[in-house]
Amino acid sequence: MEVPYFDLKAQYASLREDILAALDRVCRTASFVLGEEVARFEEEFAALCGVKHCVAVNSGTSALHLALLAAGVQPGDEVITTPNTFIATAEAISYVGARPLFVDIDPGTANLDPERIEVAITAHTRAIVPVHLY
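Going by this note's numbering, the sequence shown opens with residue 8, and the numbers climb by one from there.
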């Protein structure tokens with residue numbers, strides 16, 4: 008039996024006209040980065056979240072990098088995460104000069120094991136980056 012990984016057809020069908028119109032606006036102005044559409048998205052998303060600011064980025068790696076910087080993670084700090092993740096998690100930690108400290112998962116949930124996290128925390132731990140794949 009074949010099980011599809013992820014099927015966006017129904018969602019795309021309901022949003023198709025809006026997506027094509029937005030894509031057309033971006034392509035006509037060639038404002039892929041820091042353009043009017045991005046600014047509008049940031050304003051609308053910030054309002055949706057009930058916050059003053061939103062910063063759109065190009066990737067999950069950049070988002071993790073900025074989150075670590077915003078959290079004050081410094082070179083030499085340790086950041087706890089799971090080895091059961093995409094490489095971007097460890098890359099973002101390395102980008103800020105910190106050291107990823109891999110903590111094993113709970114076999115029942117496949118997520119970080121809270122008990123193992125507690126044991127791994129040291130005076131150098133500045134952040135925990137959980138990853139939920141399932």
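Even glycine gets a Cβ: it sits at the ideal position worked out from N, Cα and C.
**Same chain only: Cβ atoms within 7 angstroms of LEU76, ignoring 5 sequence neighbours per side** = VAL103
**Prompt:** Taking the alpha carbon of ILE94 as the point to measure from, which residue in LYS59, ALA74, GLY67 and PRO82 has its own alpha carbon closest?
**Reply:** GLY67
**Message:** I'd like to know whether the C-beta atoms of ILE128 and ASP120 end up nearer to each other than 7 angstroms.
**Reply:** Cβ distance not < 7 angstroms, so ILE128 and ASP120 don't count as in contact.
**Message:** Could you pull the DSSP bridge partners for ILE87 from this structure?
**Reply:** LEU108 and ILE135
**Asked** Quick one: is THR116 buried, meaning 16 or more other Cβ sit within 10 Å of its Cβ, or exposed?
**Response** exposed
**Request:** Please classify LEU140: does DSSP put it in a helix, a strand, or coil?
**Result:** coil
**Item:** Pairwise C-alpha distance: LEU71 and ALA23
**Value:** The sequence as given places Arg at residue 23; Ala does not occur at that position. Whole-angstrom Cα-Cα distance: 30 angstroms.
**Message:** Given a cut-off of 7 angstroms on the beta-carbon distance, is the pair ARG123 and VAL110 in contact?
**Reply:** Closer than 7 angstroms, so yes.
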